[in-house]
Every structure is written in C-alpha cells, then in structure tokens.
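Notes follow once the structure below has been shown.
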Amino acid sequence: MFTKPHVVISKCIEFEPVRYNGQIISSDFVRELIKHVEAIPVCPEVGIGLSVPRDTLRLVKIDEDIRLIQPKTRNDYTDDMKTFAEQFFNELGEVDGFIMRSSSPSSGITRVKIYSGIEKSPMIGFGRGIFGGMILEKYGNLAVEEDLRLKHGAIREHFLRKLYILSDFRAAKQEKTMKKLVDFHTRNKLQLKAYNQKQMRILGRIVANHEHHETEKLYDLYEPVLHKALKRAPRYTSYINVLMNSLGYFSRDLTSGEKQFFLKQLEQYREGRIPLVVPVDIMRSWIIRTGEKYLGDQTFFKPYPEELM
Numbered sequence: 037m038f039t040k041p042h043v044v045i046s047k048c049i050e051f052e053p054v055r056y057n058g059q060i061i062s063s064d065f066v067r068e069l070i071k072h073v074e075a076i077p078v079c080p081e082v083g084i085g086l087s088v089p090r091d092t093l094r095l096v097k098i099d100e101d102i103r104l105i106q107p108k109t110r111n112d113y114t115d116d117m118k119t120f121a122e123q124f125f126n127e128l129g130e131v132d133g134f135i136m137r138s139s140s141p142s143s144g145i146t147r148v149k150i151y152s153g154i155e156k157s158p159m160i161g162f163g164r165g166i167f168g169g170m171i172l173e174k175y176g177n178l179a180v181e182e183d184l185r186l187k188h189g190a191i192r193e194h195f196l197r198k199l200y201i202l203s204d205f206r207a208a209k210q211e212k213t214m215k216k217l218v219d220f221h222t223r224n225k226l227q228l229k230a231y232n233q234k235q236m237r238i239l240g241r242i243v244a245n246h247e248h249h250e251t252e253k254l255y256d257l258y259e260p261v262l263h264k265a266l267k268r269a270p271r272y273t274s275y276i277n278v279l280m281n282s283l284g285y286f287s288r289d290l291t292s293g294e295k296q297f298f299l300k301q302l303e304q305y306r307e308g309r310i311p312l313v314v315p316v317d318i319m320r321s322w323i324i325r326t327g328e329k330y331l332g333d334q335t336f337f338k339p340y341p342e343e344l345m
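First residue of the sequence shown? That's 37 in the working numbering, and the numbers climb one at a time after it.
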C-alpha cells in the first residue's frame with residue numbers, strides 16, 4: 037500500500053481548458069498519475085485574474101531584471117505573480133512534488149524563453165517562469181518536473197521514485213516515532229543505495245543514533261540528508277549494481293539458464309535497449325517464487341504503483 041503523494045499540477049494539463057488559447061493539454065502520464073495521487077491543480081495566470089482565453093505573456097529582460105510582460109497590453113504582471121505565488125504557497129500545506137507546464141513564462145522551470153524587449157525582439161536566452169522559479173526556490177528539494185520532460189523514461193523513473201520516497205517519509209513524519217524512522221530507512225535502503233551510497237551511509241548513522249538524540253531531533257537530522265541523497269537521478273550503473281548485488285540472494289534458487297537470461301536483460305538495459313522495469317520485474321518474479329523477505333520488503337522493487345510503470 038502506497039501513501040498517496042500530494043502533487044501540484046498545472047491546471048491546463050488534463051484538468052481544465054485554461055491555457056492562454058483556451059485549450060487543455062493532453063498527457064497520458066498525468067492522466068494516469070492523478071488516479072494515484074492527491075492532485076492540487078493550479079493555473080497561476082488565471083490566479084492573478086487573467087481571462088481564458090488571453091493574450092500571451094513573455095519573459096522580458098529589463099535592465100538586470102526579468103519581468104513577466106503581456107506584449108499586446110504592455111502590462112507587467114511580475115509583482116502580481118509573485119504575490120499570488122506567496123499566497124498559494126502559504127496555503128498549500130505539505131506536498132511531495134510538482135508537475136508544471138513546459139515553456140510557460142509563468143510556470144515553466146527549465147528553458148523558458150527570455151526576450152530582449154516587449155515586442156518583435158529577439159530571444160536572448162533561457163530561464164525559469166516567475167511562478168516556476170519560486171517553486172524551485174522554496175520546494176527545490178522535492179520532486180519537481182515539467183510535463184514534456186516526463187516523456188523521457190529516465191526522467192520519469194527518477195521523478196516517480198523520488199515522489200513516492202518523499203511521500204513515504206511524509207507519512208513517517210506524521211507520527212515521528214523511532215519505529216517509523218527505522219522502518220522507513222530499512223525498506224528504502226536499496227533505493228537510497230542506488231541514489232547515493234555516501235548519503236545512505238550517513239542516513240544509516242543517523243538512524244543508529246549513537247549520540248542518543250531525541251527522536252524528533254533524528255527526523256530533523258534525517259530529512260535534509262534524505263533530500264541531498266535524492267537530489268540527482270541514479271546513474272544506470274547504480275541500478276545495475278543494486279540488481280547485481282541482489283542476485284546473490286538467489287544463488288541457490290536459480291538455474292544457470294535463468295541467471296544467463298537475467299544477465300542478458302541487464303546488458304540490454306545497460307545498452308539502453310530496454311527500460312529498467314524489465315530486469316526489475318524478472319527479479320520481482322524470483323522474490324515472489326522464493327519468498328525472499330528482505331528483498332520483498334524493499335521499495336526498490338516496487339517503488340510506485342504498477343499502473344505507472
């Protein structure tokens with residue numbers, strides 16, 4: 037049973053036709069995801085009072101500042117957007133991730149076009165949308181992505197694994213008992229190993245609590261290190277290392293043919309010819325067959341709902 041992640045999602049993606057042109061963005065991934073999360077849709081442009089449809093906005097560099105301008109009216113909505121963002125964040129509560137609309141001058145978080153002037157001016161670079169940039173400043177440790185980037189398999193895998201780990205930890209924090217912390221660390225150990233072995237060892241020392249801290253203090257120490265561990269997606273070689281190490285648990289249960297087949301699939305994953313889920317599912321089948329408890333309890337092998345795989 038998974039703890040439902042709380043995810044803020046751009047309202048124009050699968051929720052309502054609130055895009056500047058009155059359209060809705062179709063996303064197979066988001067459509068499936070919202071069945072498994074507590075979705076919090078938001079359209080910051082409608083939030084600041086703009087209509088649907090509306091004239092487009094753009095990021096414009098004025099002196100050394102990046103401003104959110106509507107070229108047709110020449111209105112500057114930068115301050116309105118910042119005020120809306122602050123109010124939205126203050127009322128938001130605890131969340132685990134964000135999915136924002138790609139390239140949006142308000143919501144985008146990567147490669148949003150910046151122009152040198154208000155009208156008929158050349159693009160001079162890329163930046164972040166005003167709302168999206170404030171998300172990264174305040175929630176950059178969470179699972180934050182854009183809808184189009186999530187079409188990339190490795191990016192989507194990292195987003196989902198991180199999202200559900202953070203959701204799992206949020207659930208543990210609700211009680212803040214030692215048992216909850218130990219259980220969380222134990223079942224996520226292989227995932228943390230894949231992400232960052234150095235930080236995993238630090239987290240292990242925190243849980244061991246040789247300094248005899250109060251339990252609440254341990255959570256305060258654990259969380260920032262967890263965020264640091266999950267900062268970057270694991271390398272494909274890290275996933276392979278975890279799977280190869282796990283293979284040893286089945287040394288007496290597999291035929292040579294099964295081992296060779298698995299190693300062949302692992303090599304195809306290394307070459308980028310198949311997704312990670314293929315060798316993971318093979319090993320999951322062995323876990324079920326043999327009743328291997330330690331691996332069976334590891335979130336590495338079932339990091340998020342199967343429907344999202």
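Idealized CB from N, CA, C, for every residue including glycine. Note that the structure is predicted; figures quoted are calculated from it, not measured.
Going straight from the alpha carbon of residue 312 to that of residue 172, what length do you get?
-> 28 Å
For residue 251 versus residue 213, is the C-beta spacing smaller than 9 Å?
-> yes
State the start and end residues of the unbroken alpha helix (DSSP H) segment that holds residue 238.
-> 233-244
Between which two residues does the beta strand (DSSP E) carrying residue 37 extend?
-> Where residue 37 is concerned, there is no enclosing beta strand (DSSP E), given that its DSSP letter is neither H nor E.
Terminal residues of the beta strand (DSSP E) in which residue 77 lies | 74-78
Quick one, are the C-beta atoms of residue 89 and residue 126 less than 9 Å apart?
-> no
Could you name each continuous alpha helix (DSSP H) segment of 4 residues or more that falls completely within the region 248-305, going from the start of the chain to the end?
-> 251-265, 272-283
For residue 150 and residue 186, believed in contact at Cβ under 8 Å, the rounded distance | That pair is no contact at about 23 Å.
Under a Cβ-count criterion, where at least 16 other Cβ atoms within 10 Å of its own Cβ denotes burial, should residue 327 be classed as buried or exposed?
-> exposed
Compute the beta-carbon to beta-carbon distance between residue 45 and residue 75, rounded to the nearest angstrom, for a pair I have assumed lies under 8 Å.
-> 5 Å
Secondary structure at residue 151, three-state DSSP: helix, strand or coil?
-> strand
Taking the alpha carbon of residue 346 as the point to measure from, which residue in 208, 301, 264, 200 has its own alpha carbon closest?
-> Not covered by the structure: residue 346. The range shown for the chain is 37 to 345.
Beta-carbon proximity of residue 268 to residue 231, cut-off 9 Å = yes
Quick one: is residue 321 buried, meaning 16 or more other Cβ sit within 10 Å of its Cβ, or exposed?
-> exposed
Between the Cα of residue 260 and the Cα atoms of 314, 235, 109, which residue gives the shortest distance?
-> 235
Within the chosen definition, does the region 111-130 reach the region 54-72 through at least 3 CB pairs nearer than 8 Å?
-> no
When we look at the beta-carbon of residue 224 and count the other beta-carbons within 10 Å, is it buried (16 or more) or exposed?
-> buried
Beta carbon of residue 208, beta carbon of residue 216: below 9 Å?
-> yes
CA nearest to the CA of residue 162, picked from 37, 95, 178 = 95
Inter-residue spacing [alpha-carbon to alpha-carbon] between residue 70 and residue 247 = 42 Å
Buried versus exposed call for residue 227 [16 or more other C-beta atoms within 10 Å across all chains shown] = buried
Go ahead and pull the three-state DSSP assignment for residue 161.
-> strand
Per DSSP, residue 182 forms a beta bridge with which residues?
-> 136
Mind checking whether residue 204 and residue 92 have CB atoms under 9 Å apart?
-> no
Do you know how far the Cα of residue 72 is from the Cα of residue 37?
-> 11 Å
How close, in whole Å, do the beta carbons of residue 141 and residue 104 come, if the pair is a contact with beta carbons under 8 Å?
-> 6 Å
What's the call for residue 280, buried or exposed, on a 16-neighbour Cβ count within 10 Å?
-> exposed
Taking Cβ to Cβ, would you say residue 143 is nearer than 9 Å to residue 129?
-> no
Within 10 angstroms of the Cβ of residue 80, are there 16 or more other Cβ atoms? Answer buried if so, exposed if not.
-> buried
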